[in-house]
Each structure stands twice: as structure tokens, then as C-alpha cells.
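Notes follow the structure.
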Amino acid sequence: MISTIYGIFALIFINQVCCASFRELPDVPKSKWIRREEAPAGSKATRLFVSSYEGTVTTVELTLSDASTFSKHPALTIHKTASNEDCGDSPTWLSWDSKRRTLYCLNEQIDTSKGRAATLTQYNVGSDGQFSDNKIRPTFAGGPVHGVVFHPIGEDEEDEPSYAVAHYAPGYFTSYDPHSRVRGRLSLDVGPPGPTERQQELVSSGHQIILDPGKQGQVLVPDLSQDLVHIFQCTRADCWRKGTVAMPPGTGPRHGTFWISPDRKKTFFFIGGEISNLIEGYSVDRSEDGSLKFTHVSTTNAVQLPMQEEFALAEIAVSPDNAFLIVSNRGNNATSVDVCEVTGPRYACESAQSDTIVTFALNGTGVLTSGQTWPSGGVAPRAFALNRKGDIMAVGTKAGLVLLERNVSTGKLGQIMADLDFDDQVTGVVWDDSLMNYPSRASKVPAYQRFWQRYLTKRLRRDW
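Per mature numbering (1 follows the signal peptide of the UniProt record, and there is no 0), the sequence shown runs over residues -19 to -1, 1 to 445.
This is the structure we're talking about:
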């Protein structure tokens, strides 16, 4: 009897609290609001590292907000906790070795008039996200734009890793052993440039390092200028050229990714063309000696819009659950996003142009199925990264960092959860997924209370 009375009083209390909260809401479209406990909670990643052309590498912390209030971004609060300028004037890419808590940063050094060389900086990162014992070394070619931590043949997975770098101008592939000694320095200039004016000017231009998923020591480097994907073989002692894969003329291959079917029986390779704005799909077979054979199977419009010269595909990646291919596109301004300013319990929003992120469904044929086209949250979404759970996407734009909610089941992106301003283009974003989860504030509420909160919330929204 007493428990029943307590239950009734609890329901009355919850009802009053919920109703009061909703009555205080400003008069804005419902789509702008989400109960905090309904936002992605319990995500494994709570920290990011961000590089920017403002000349900094920054640690960014995410924390859950109070579940009983509303604000501009209902799910997360975000703030900078550390910043470092040792990477140089033009930080262009970040790589994270979570096992050793080491962050690698490439400095493209765009302004060569200062007489400074392009560099690779290695940071030791503490459990608090602070940088220490930074090691800076020159790269053995200019214009490094992408790098990856890897283990070549003969190097044990438990050993200190090697590092591979793609150089944009001039086009080179370089590899460094754990002691920073150069293992290979190979030119990408092996043929004529592609047919477009931009390709003719560049001659050769590596843009990414892609590792062979079969762990055969092979490294792929897309060449935006020559419409090629170069393949190199690396051992603990040396690297050498193994072959090339020709792309359709005018593709301008920028970034690509492998995809292995869930049954592990099929492998595909998808490459995004910065110039063509097309995604070329290839089935991949492996010969007895480990060499890769590529067979073209599909071509897909990456922007899902009529083509324009201003378009420029940027990043391409497979979701953590291996179900979706995601592409960011620059220069289309095809969508809009609300830019909001908070003033007390209310906020005012203005619509601003935004480039897009397109999600495609993957299947065993290599033919992509178009899913969602969504605002990236700003202009020039050059880099993006999903946390390990896949429910938050971090996007680097021309103005800063944007965090988008994501439905893991459908692959669809949602509202902006948080954003952070930077003075120049964000060039690299990586999650520190080695941290423990932040506790979900919703999980601290007893189960029966959470049930009635959800029930009353839905009922109130329906009545509205």
C-alpha cells in the first residue's frame, strides 16, 4: 500500500517537472529540440584531437550536459583543453596510435617563403589529453598531406610502428622506420598527367595512404594528377614499387577505402575522385603471391546532384559497423543549417549555406545504394571521423569542428550536437577511443522513472 502511494506521488512529481520544462520552451520548431537523455549516450569516445591551418593541434573534450535542461545543442558540451603549435604552420593530417598514446601530425608547410621545411611531429599524449615529449623531424619530400601508422612485413605488431606518408607536391611516397630513418623515398611521377587543366599543372600528386587489409605489407597511394593508384610493397628493410591501377581519365583520385563483405568472401575498393566527383568501385582479388587485382564494377555520383565545376569530393570512409560508405563533398552549398545564438532560455537561429555529406548503403555487388544527403554543418567539410560506436560524427569545416548525431541502425545523420570555432580550416580529426565511457546521466535514473519519463515526454509531444 505504501509503495503504491509513493508511486502515485512519484508520477505526479515527474508529470509536474516534465510539464514545467516543456512549458518553458521557446516557440521554435520541434525539430530543433531533443531531450538530452534521448541523445547518443554512453559513447566510447569522449575526446578528440583536431588539427587546423591556424597552426595548432588541439585536444577537445566532450562532456554530457544536465539531462533536465535544454540548450542550443542538447546532447554535448564541448571545449578545448590543450593546444600546441609544434606541428608547424600548416598542420594537414593527424594519425593516432591509441595503444602507445602517440599522435602523429604532418605539417604541409604551404608557405615555403619562410624557409621552413615540411615536418612530421610525434606527440606523447597523457591520460589528461596534454601533449609532452614532442619529437619533430623533417620529411624527406615536400607537401606531406596524409600519413598512416603501419607495420610492414617483418615488423611485429608489438613493435614500435613505422609511418607512411603521401606527398602532394611534388608527388612522393615516403616511409619511416620507428627510429625516424627513411625506409623509402619513391617518386610518383611515372606517367603523363590527366586531361584536366588542374592535373596538367600538378604533374604528380599523392593524396592518401591506404593499407592493404590483408596485411601483406602493400601500401596504396592515390595520385590526383595522374589518375592512378600507386601500389608499393614494404618490408622492414625497404619499400619498392609494385604496380599501378589506372582510373578513368579526369577522375583525380583523392581518397579511397577497402570494404570487406560481412561474410569475408568479397573485397571491394572504392575511390573518390576530387575532380570527377564520382566514386569508382572495384572488386578485388588476390593472387597467390599476395598481389592485388582490381576489376571495375561501378560508378556513382558522389554528390547526388547535377555536376558543377565547383564541386570537390573530400573524404570517404566506411562506417564502424561496416554497413555504410560515407562521403563528404565541398563546394555545392546544396543544403542549409541553422546557426543559433543562445540568449538565456531562448535562442535565435539564422539559416546558413552548408556543403553535404552523403551516405550510401553497401552490399555484396559493389554497386552503391544512395541513402541520405545531409548538411555537413558548414562549408568545406574536408575531414570527418566517426567514433567507435558510430553514433557521433566529427566534421572538420572551414570554420571549425561540428559534431553530428548519427543513427547507427539506419546510418542517417541528424542534428548538430555541438560545434567549436577555429580560425582556419580544420584539416584532421581523430577520436581518442582508448578512454572509458562517460556515464550516461539517463542511466543514473531508476528504470521505472525512465519509463514514465519517456511515456510522459511522448504524450506531451503528441498533445502539442
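Glycine is no exception: its CB is placed at the ideal position from the N, C-alpha and C atoms.
Predicted model, so just to flag it, every value in this text is computed and none were measured.
- Beta-carbon to beta-carbon, Thr120 and Ala99 are separated by about 5 Å, close enough to satisfy the 8 Å threshold.
- Annotated three-state conformation of Glu182 is helix, per DSSP.
- Less than 8 Å separates the beta-carbon of Phe250 from that of Phe275.
- Per DSSP, Pro287 has no beta bridge partner at all.
- The criterion of a C-beta distance shorter than 8 Å is not satisfied by Arg164 and Cys86.
- Assignment of beta-bridge partners to Asn88 by DSSP yields Pro72 and Thr100.
- The beta-bridge partner set that DSSP reports for Asp402 consists of Gly381.
- For Ser79 against Asp302, the beta-carbon gap comes to about 19 Å, at or over 8 Å, which does not count as contact.
- Judged by DSSP in its simplified three-state form, Lys393 adopts coil rather than helix or strand.
- Shown here, Thr93 sits in a helix according to DSSP, grouped into three states.
- Gln197 sits in coil when the DSSP states are folded into three classes, being neither helix nor strand.
- A straight line joining the alpha-carbon of Asn282 with that of Leu169 spans about 27 Å.
- Residues Pro133, Ile134, Gly135 and Gly198 of the same chain have their beta carbon placed closer than 7 Å to that of Thr216, with the five preceding and five following residues left out of the count.
- In the displayed model, Val411 falls within a strand according to three-state DSSP.
- Lys370 carries a coil assignment under DSSP once its states are collapsed to helix, strand and coil.
- Judged by their CB atoms, Glu35 and His60 are not nearer to each other than the 8 Å cut-off.
- The C-beta separation of Ala227 from Gln189 comes to about 17 Å, leaving the pair out of contact by the 8 Å criterion.
- For Trp77, same chain residues with a beta-carbon under 6 Å away, outside a window of 5 residues either side, are Leu84 and Val411 in chain order.
- Per DSSP, the unbroken beta strand (DSSP E) holding Gly262 starts and ends at Leu259 to Arg267.
- Under the three-state reduction of DSSP, Gly110 is assigned to coil, being neither helix nor strand.
- Straight-line measurement puts the Cα of Lys247 at about 33 Å from the Cα of Pro176.
- With respect to Asp400, Ala361 sits apart: the two C-beta atoms are not nearer than 8 Å.
- It is roughly 11 Å from the alpha-carbon of Gly371 to the alpha-carbon of Phe305.
- In this structure, Ala315 lies away from Leu294, with their beta-carbon atoms at least 8 Å apart.
- In the structure shown, Asn314 falls within a coil segment according to DSSP collapsed to helix, strand and coil.
- Inclusion of Pro234 and Asp208 in the CB contact set at 8 Å is warranted, their separation being smaller than that value.
- Counting the other Cβ atoms within 10 Å of the Cβ of His160 gives fewer than 16, which makes it exposed.
- In this structure Gln353 touches Leu394 by the C-beta definition: roughly 7 Å separates them, less than 8 Å.
- Here DSSP, grouped into helix, strand and coil, assigns Thr177 to coil.
- Assignment of Asn282 by DSSP, reduced to helix, strand and coil, places it in the strand class.
- Within 10 angstroms of the beta-carbon of Ser309 lie 16 or more other beta-carbons, which makes it buried.
- In this structure, Thr225 places its C-beta atom within 8 Å of the C-beta atom of Val171.
- Residue pairing by DSSP places Glu386 opposite Ile373 in a beta bridge.
- Sorting Thr62, Trp240 and Glu255 by C-alpha distance to the C-alpha of Ser264 places Trp240 at the top.
- CA-to-CA, the gap between Asp114 and Leu349 works out to about 45 Å.
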